[in-house]
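Colleague:
Number of protein chains: 2
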Amino acid sequence: MKRALKEAKKAYENDEVPVGAVIVLDGKVIALAHNKRESSRDATAHAEILAIKKACKKLGDFRLSADMYVTLEPCLMCFGAILNARIKNLYIGAPQNKENAIRCEELNERAELNHKVSIVRGVLEGECSSLVSGYFLTKRKG
Amino acid sequence: MKRALKEAKKAYENDEVPVGAVIVLDGKVIALAHNKRESSRDATAHAEILAIKKACKKLGDFRLSADMYVTLEPCLMCFGAILNARIKNLYIGAPQNKENAIRCEELNERAELNHKVSIVRGVLEGECSSLVSGYFLTKRKG
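Chains as they are written, first to last, in the working numbering: chain A, 88 to 229; chain B, 88 to 229.
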């Protein structure tokens, strides 16, 4: 998660919502990415999607069977991508704080898909949450 | 939807699950794409994601405010991307036939996101469904 936080800070420096994602297979980092939605003007350019694309390219397979560390709870799109990419263990830093958010655990329970992911929350949560809330505080002040 | 079906047939010819997507803005087609998951070995390379990426690039904005026609009901990832890209009207051909699938309408109702999409089902459903079921029948026989 420390590596994911380092990625998230890169997004912060580029005035993007600070989210970082890391994919690990057999103890080795195979992909690192941070959110680039604003700079790339691409609705799909969230950290998780970019990391999955890199990892798929590296392994030459759309089934990763790897673990992901992400500093902020994934959105609907990214959680769907995590299932599609057959991520095994998902480690989440900060929770999504939007009201009525559909929690990843609920989607995971309900998902009819051929795959379920194991979810661990609250990894370096304090640091991950501070980064996101600091970003939005600065934006509001700005 | 006829254009989307034409895209889906390209996927079929490439031995991919036959799904096609078209994005329309002000009556003009701004993006066309078909599923390339197998050929690109990328878990995110569904027709809808590829079409959204093209449309974002074309408009230089991650908010599309456009309409999408897709031959098969979007998966979790793609429906999330449709919300993220601020698609206005979503026209679906064939329904997802997996048991316990989370229907797009339910996700749309529940989504805490800042955006809701208007969904119309059953557009050229017969032709869209036949294409998908034909593909899986051939695969099983193969």
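In this text, a Cβ means the ideal position worked out from N, Cα and C, and glycines have one as well.
This one's a predicted model, so the numbers in the text were calculated from it and none came from an experiment.
#1: Closer than 7 Å between beta carbons: that is the criterion. Which residues of the region 113-135 of chain A meet it against chain B?
#2: Mind pulling the chain A residues with CB within less than 7 Å of B:Ala168?
#3: Excluding the 5 residues flanking A:Val104 on each side, which residues of the same chain have their C-beta closer than 6 Å to its C-beta?
#4: 8 Å is my cut-off, CB to CB: does B:Gly147 come that close to chain A?
#5: Is DSSP giving B:Val219 helix, strand or coil here?
#6: Classify B:Asn171 as buried or exposed, calling it buried when 16 or more other Cβ atoms lie within 10 Å of its own Cβ.
#7: Pick helix, strand or coil for B:Ala118, following the three-state DSSP scheme.
#8: Which chain D residues sit within Cβ distance under 8 Å of B:Leu194?
#9: Between A:Arg197 and chain B, is any beta-carbon pair separated by less than 8 Å?
#10: Classify A:Gly167 as buried or exposed, calling it buried when 16 or more other Cβ atoms lie within 10 Å of its own Cβ.
#11: Ordered along the chain, which non-local residues of its own chain (more than five positions away) have a Cβ less than 6 Å from that of B:Phe234?
#12: For the putative contact between A:Ile110 and A:Ala138, defined by C-beta atoms under 8 Å, what is the C-beta separation to the nearest angstrom?
#13: Whole angstroms is fine: what's the gap from B:Ser205's alpha carbon to B:Ile169's?
#14: Using the beta-carbon of each residue, which ones in chain B are nearer than 7 Å to A:Ala153?
#15: Compute the Euclidean distance between the alpha carbons of A:Val106 and B:Gly213, then round it to the nearest angstrom.
Modeller: Reading it off the structure:
#1: Arg124, Arg128, Asp129, Ala130, Thr131
#2: As a position in the second sequence, residue 168 of chain B is number 81, starting the count at 1. Within 7 Å Cβ-Cβ: Ala130, Thr131, Met164.
#3: Indexing the first sequence from 1 puts residue 104 of chain A at position 17. Contacts found: Asn122.
#4: In the second sequence, residue 147 of chain B corresponds to position 60, counting from 1. So, interface residue.
#5: Working through the second sequence from its first residue, we reach residue 219 of chain B at position 132. Looking at B:Val219 - three-state DSSP - the assignment turns out to be helix.
#6: Against the second sequence, residue 171 of chain B aligns to sequence position 84. Classification of B:Asn171: buried, given that the 10 Å Cβ count is 16 or more.
#7: Position 31 of the second sequence, counting from 1, holds the residue named residue 118 of chain B. Note: B:Ala118 maps to strand in three-state DSSP.
#8: Among the protein chains of the structure shown, namely A and B, there is no chain D.
#9: Position 110 of the first sequence, counted from the start, is the residue given in the question as residue 197 of chain A. For A:Arg197, the answer is yes, since a Cβ of chain B falls inside 8 Å of its Cβ.
#10: Translated into positions along the first sequence, residue 167 of chain A becomes position 80. When all chains shown are included, A:Gly167 counts as buried.
#11: Here chain B has residues from 88 to 229 only, and residue 234 of chain B is not among them.
#12: The count along the first sequence starts at 1 and reaches residue 110 of chain A at position 23. The count along the first sequence starts at 1 and reaches residue 138 of chain A at position 51. The pair is a contact, with the Cβ atoms about 5 Å apart (cut-off 8 Å).
#13: Here residue 205 of chain B corresponds to residue number 118 of the second sequence, with the count starting at 1. Here residue 169 of chain B corresponds to residue number 82 of the second sequence, with the count starting at 1. In a straight line, the C-alpha of B:Ser205 is about 11 Å away from that of B:Ile169.
#14: What you label residue 153 of chain A is simply residue 66 of the first sequence in a count that begins at 1. Ordered by position in chain B, no residue passes the 7 Å Cβ test against A:Ala153, which lies about 11 Å from the chain.
#15: Taking the first sequence and counting its residues from 1, the one referred to as residue 106 of chain A is at position 19. Taking the second sequence and counting its residues from 1, the one referred to as residue 213 of chain B is at position 126. Each residue's Cα considered, the two are about 42 Å apart.
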